[in-house]
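A.B. asks: Take this structure, written in structure tokens, and hold onto it; I'll ask about it next.
Here it is in structure tokens:
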């Protein structure tokens, strides 16, 4: 215990939780619009490969992230068109999207196994980075860490403080009523799904460009499912989502650090469980919200 | 299982359906892999073996594989399907496929099975493994010589004998050349999860390790070490030469090619028999990847000398006097560990800290 550096640990937590946070905030918007997209894992991995391919081709990680967002959004449109226009079952289509994304990414990434991507530099924040303790923990990361937090803040603002955000929530709560009021349910939902796809893509690209950083088949290894779970446990609220992602990332980073520090006396099985237990426990205790009323239900203007 | 593998399975099924009609007498060889063939590690090397079989026998064989099969009930389903599709020989290439292999082998006595790194056999089930620990000893020597912080990080997958053997072998040799050395083992509980492997490597580096040994299959720890700077690593299962000359200073390469060619040949000739194969450096099943210039010349020389001595049978990585972690005697002076003990190894040797999860 004594030889874990808290600064390194906290800074690791922020990095570990970023991809989950990105994917989860996208899914949160999708679900608040009343759509359940279980294809997060597939969109993440597609984003991971698109981001890596674009970044190595152009040499710019930022174009890579843009490519990842685009790739994720395009893939999510497959889901969007099937579920919103053809009214296919959302659960089945989402699961299929995950399988499709895993296969598609393996195909796209074939020439990129073992290739090294461009380096994503840490954002240089003069002044802030030199604050004792807080500097190394919070202000010496790459820009995507801050962009992820910014996206969360903007989503919160959008959902709670803007008219468009309230319309989106209305669509998610009761699509028939929203439709009766003249809101374009399908169009709004498609936009939300695309946003979700783009965020999942960014999360995937964060893995392939920053955290790992390389392309390997199947590299998301379940991160998309964690993101989905965190949305539910955070009761669809952006603030709690950050808490959930940090808790999960924190417990993951802590258990590895505990093992690496040598002097652990806690059985490793418990350490392995810790991230899941801690996240579920805390978010269940906090839980007060409920699912959006129309979540997962198909909508057609005739009904 | 990925969508791709489902498709491959379907294609394979279609191929066999037509094959049966055509009454061809090709020997059909199936492989199931725990990771993707593109992992550049464990599964990649098995697939290289599959390709070597195809090259050797050409039209006489037909191979097919299913990748990323989880260890557990899924494996049994995939194996059953392969057997139903008319496979003559099936290689099951991960420890966790053992139960599934035994169960399916019982149902299909005419199909031959080869299970990697396991210990259960039957009339139609052979086992094979490589003495990776011989390579681990060579890595341990380099690691012990090269470390400056005297902390060596080790990313373990699952606490099974194969992995524990590797930790012990590396530690014994590292301790021999550097009595100050300390091992930190992180159990990742995965064979393949690049993000988790990278985090484990970073946690070890944060804890002061300047040498990282890995027993997981992706190149993510290599990338993490490269990013951290002054850290060295070793390629695992495959050469991982993309990360040479540094951080990757050497590697253990599993070379299954000859074994797969021999065993498929035995099925073709009708001479296949159930047996247990455990080959090491001398048979070429374990290769030591090129030691790069990041390693000082005299260390490189010592490492190569150790490798040759192991290959010649002059040195055994587990030679007494050795005690177990709890201080009890294991091997007396000059005594060499027997294969049965090694195969079921579930203890650390003296000096290693931490507990093996049970």
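Chains as they are written, first to last, in this note's numbering: chain A, 17 to 319; chain B, 7 to 364.
For glycine and all other residues, C-beta sits at the position ideal for the given N, C-alpha and C.
1. Tell me residue 120 (chain B)'s beta-bridge partners as DSSP assigns them.
2. Count Cβ pairs between the region 130–141 of chain A and the region 63–82 of chain A that sit closer than 8 Å; are there 3 or more?
3. Output needed for residue 292 (chain B): all residues of its chain with C-beta closer than 8 Å, excluding positions within five of it in sequence on either side, in chain order.
4. Let me know the secondary structure DSSP gives residue 332 (chain B) once reduced to three states.
5. What's the C-alpha gap between residue 99 (chain B) and residue 37 (chain B)?
6. Between residue 312 (chain A) and residue 24 (chain A), what straight-line distance do the alpha-carbon atoms span, to the nearest angstrom?
7. Measuring alpha carbon to alpha carbon, tell me which of B:134, B:85, B:343 and B:356 ends up nearest residue 332 (chain B).
8. Cβ atoms of residue 205 (chain B) and residue 269 (chain A): under 8 Å apart, would you say?
9. Would you say residue 354 (chain B) reaches chain A, if we count a Cβ-Cβ gap shorter than 8 Å as a contact?
10. Looking only at its chain, what residues have a beta carbon closer than 7 Å to the beta carbon of residue 349 (chain B), apart from the 5 residues adjacent to it on each side?
11. Look up residue 162 (chain A) in the DSSP assignment and say whether it is helix, strand or coil.
12. Is DSSP giving residue 241 (chain B) helix, strand or coil here?
13. Mark residue 271 (chain A) as exposed unless 16 or more other C-beta atoms lie within 10 angstroms of its C-beta, in which case mark it buried.
14. Could you work out which residues of chain A lie near residue 5 (chain B), taking near to mean beta carbons separated by less than 8 Å?
15. By the 10 Å Cβ neighbour count, where 16 or more other Cβ atoms means buried, how is residue 30 (chain A) classified, buried or exposed?
16. Could you tell me which chain A residues have their CB closer than 7 Å to the CB of residue 190 (chain B), listed as they occur along the chain?
17. With 16 as the cutoff for other CB atoms within 10 Å, does residue 217 (chain B) come out buried or exposed?
18. How many whole angstroms separate the CB atoms of residue 260 (chain A) and residue 250 (chain A), which I take to be in contact at a CB cut-off of 8 Å?
19. Chain A beta carbons: is any one of them nearer than 8 Å to that of residue 135 (chain B)?
20. Identify the residues that DSSP records as bridge partners of residue 66 (chain B): which are they?
21. How big is the Cα-Cα spacing for residue 294 (chain B) and residue 313 (chain B)?
22. Could you give the distance in angstroms between the alpha-carbon of residue 109 (chain A) and the alpha-carbon of residue 100 (chain A)?
23. Using 10 angstroms around the beta-carbon of residue 75 (chain A), count the other beta-carbons present and answer buried if the total reaches 16, otherwise exposed.
24. Could you round the C-beta distance between residue 102 (chain B) and residue 77 (chain B) to whole angstroms and report it? I think they count as a contact, below 8 Å.
25. Which stretch, first to last residue, makes up the alpha helix (DSSP H) that contains residue 80 (chain B)?
26. Does DSSP classify residue 295 (chain B) as helix, strand or coil?
27. What are the start and end residues of the beta strand (DSSP E) that includes residue 189 (chain B)?
28. From the beta carbon of residue 155 (chain B), is the nearest beta carbon of chain A less than 8 Å away?
29. Kindly indicate which three-state DSSP category residue 33 (chain B) falls into: helix, strand or coil?
30. For residue 362 (chain B) versus residue 185 (chain B), is the C-beta distance shorter than 8 Å?
31. Report yes if the CB atom of residue 41 (chain A) is closer than 8 Å to the CB atom of residue 254 (chain A), and no otherwise.
32. Using a C-beta to C-beta distance shorter than 7 Å, which residues of chain B count as neighbours of residue 21 (chain A)?
33. Measure the CB-CB distance between residue 46 (chain B) and residue 129 (chain A) and report whether it falls below 8 Å.
34. Measuring CA to CA, which of B:42, B:53, B:59 and B:41 is closest to residue 3 (chain B)?
35. Secondary structure at residue 276 (chain B), three-state DSSP: helix, strand or coil?
36. Here's the rule I'm using: 16 or more other beta-carbon atoms within 10 Å means buried, otherwise exposed. How should residue 107 (chain A) be labelled?
C.D. replies: Taking the definition as stated:
1. For this step, residue 120 (chain B) is matched to residue 114 along the second chain. B:97 and B:132.
2. yes
3. Looking up residue 292 (chain B) in the second chain gives position 286. 136, 137, 138, 140, 141, 258, 259, 260, 261, 285 and 286, listed in sequence order.
4. For the purposes of this step, residue 332 (chain B) is taken as the residue at position 326 of the second chain. Correct three-state label for residue 332 (chain B): coil.
5. Residue 99 (chain B) sits at position 93 when you count from the first residue of the second chain. Residue 37 (chain B) sits at position 31 when you count from the first residue of the second chain. Taking the straight line joining both Cα atoms gives about 7 Å.
6. Your numbering for residue 312 (chain A) matches position 296 in the first chain. Your numbering for residue 24 (chain A) matches position 8 in the first chain. So the alpha carbons of these two residues sit roughly 41 Å apart.
7. The count along the second chain starts at 1 and reaches residue 332 (chain B) at position 326. Of the listed residues, the one whose Cα sits closest to residue 332 (chain B) is B:356.
8. Translated into positions along the first chain, residue 269 (chain A) becomes position 253. Translated into positions along the second chain, residue 205 (chain B) becomes position 199. Going by C-beta atoms, residue 269 (chain A) is nearer than 8 Å to residue 205 (chain B).
9. On the second chain, position 348 is the one that residue 354 (chain B) refers to. No, its Cβ sits nowhere closer than 8 Å to a Cβ of chain A.
10. By 1-based counting over the second chain, the position of residue 349 (chain B) is 343. Excluding sequence neighbours, residue 349 (chain B) sits near 125 and 167.
11. As a first step, residue 162 (chain A) is located in the first chain; it is residue number 146 there, counting from the start. Here residue 162 (chain A) sits in helix by DSSP.
12. Working through the second chain from its first residue, we reach residue 241 (chain B) at position 235. Residue 241 (chain B) falls in the strand class under three-state DSSP.
13. Taking the first chain and counting its residues from 1, one reaches residue 271 (chain A) at position 255. Burial call: buried.
14. Beyond the ends of chain B as shown, which are 7 and 364, falls residue 5 (chain B); an answer cannot be given.
15. Stepping through the first chain from its first residue, residue 30 (chain A) is reached at position 14. The residue is buried, with at least 16 neighbouring Cβ atoms inside 10 Å.
16. Counted from its first residue, the second chain places residue 190 (chain B) at position 184. Simply 276 and 278.
17. Within the second chain, the letter at position 211 stands for residue 217 (chain B). Buried is the call here.
18. Counted from its first residue, the first chain places residue 260 (chain A) at position 244. Counted from its first residue, the first chain places residue 250 (chain A) at position 234. Indeed, because the Cβ distance is near 5 Å, the residues count as touching under 8 Å.
19. Residue numbering aside, residue 135 (chain B) sits at position 129 when the second chain is read from its first letter. No, no contact with chain A.
20. In the second chain, residue 66 (chain B) corresponds to position 60, counting from 1. Beta-bridge pairing links residue 66 (chain B) to no other residue.
21. For the purposes of this step, residue 294 (chain B) is taken as residue 288 along the second chain, with counting starting at 1. For the purposes of this step, residue 313 (chain B) is taken as residue 307 along the second chain, with counting starting at 1. Each residue's alpha carbon lies about 8 Å from the other.
22. Your numbering for residue 109 (chain A) matches position 93 in the first chain. Your numbering for residue 100 (chain A) matches position 84 in the first chain. Counting only the Cα atoms, residue 100 (chain A) lies some 11 Å from residue 109 (chain A).
23. Reading the first chain from its first residue, position 59 is the one you call residue 75 (chain A). The residue in question, residue 75 (chain A), is exposed, as its Cβ has fewer than 16 Cβ neighbours within 10 Å.
24. In the second chain, residue 102 (chain B) corresponds to position 96, counting from 1. In the second chain, residue 77 (chain B) corresponds to position 71, counting from 1. So it is a contact: roughly 3 Å between Cβ atoms.
25. Along the second chain, read from residue 1 onward, the residue named residue 80 (chain B) stands at position 74. Counting along the chain, residue 80 (chain B) sits inside the alpha helix (DSSP H) bounded by residues 79–90.
26. Residue numbering aside, residue 295 (chain B) sits at position 289 when the second chain is read from its first letter. In this structure, residue 295 (chain B) counts as strand in the three-state DSSP scheme.
27. For the purposes of this step, residue 189 (chain B) is taken as residue 183 along the second chain, with counting starting at 1. Start and end: 188–193.
28. Here residue 155 (chain B) refers to the residue found at position 149 when the second chain is read from its first residue. With 8 Å as the cut-off, residue 155 (chain B) does not count as an interface residue toward chain A.
29. The sequence position of residue 33 (chain B) within the second chain is 27, counting from 1. In the displayed model, residue 33 (chain B) falls within a strand according to three-state DSSP.
30. On the second chain, position 356 is the one that residue 362 (chain B) refers to. On the second chain, position 179 is the one that residue 185 (chain B) refers to. Not a contact, by the Cβ cut-off of 8 Å.
31. On the first chain, residue 41 (chain A) is found 25 positions in, with the first residue counted as 1. On the first chain, residue 254 (chain A) is found 238 positions in, with the first residue counted as 1. Cβ distance < 8 Å, so residue 41 (chain A) and residue 254 (chain A) count as in contact.
32. To locate residue 21 (chain A), count along the first chain from 1; it is residue 5. Simply 212.
33. Indexing the second chain from 1 puts residue 46 (chain B) at position 40. Indexing the first chain from 1 puts residue 129 (chain A) at position 113. The answer is yes: Cβ separation under 8 Å.
34. The structure shown does not extend to residue 3 (chain B), since chain B spans only 7 to 364, so no value can be given for it.
35. Within the second chain, the letter at position 270 stands for residue 276 (chain B). Three-state result, residue 276 (chain B): coil.
36. Taking the first residue of the first chain as position 1, residue 107 (chain A) is located at position 91. Looking at its Cβ environment, which holds fewer than 16 other Cβ atoms inside 10 Å, residue 107 (chain A) is exposed.
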